[in-house]
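Let me begin by presenting the structure, written as structure tokens, before commenting on it.
Numbering (the UniProt record's numbering), first residue to last: 1 to 91.
Written out as structure tokens, the structure is:
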């Protein structure tokens, strides 16, 4: 396994492809991590939305869906940012 931290200079035909295997999702062991604090906020906000609104309130559904999508896609967007940085370092 190779971790790229700096740009590598390949000459001529030594490197023509970059293959990324796996998605670097967020580890949930670090409590002080800023991304984990955001995820925790989205989860708590979703719980508050679910508990404070009336069952017949249509805005609850819209707000909950938006927050739910944001919370679920945040980890994926963060992982894709890391992948893009890794690919950029190898070019």
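Each residue gets a CB set at the ideal place from its N, CA and C atoms; glycine is no exception.
- Closest in C-alpha terms to residue 86, from the list 43, 24 and 76, comes 24.
- The C-beta distance from residue 42 to residue 74 rounds to 7 angstroms, short enough to fall under 8 angstroms.
- For residue 83 and residue 40, the gap between their C-alpha atoms comes out near 23 angstroms.
- Rounded to whole angstroms, the gap between the alpha carbons of residue 89 and residue 37 is 28 angstroms.
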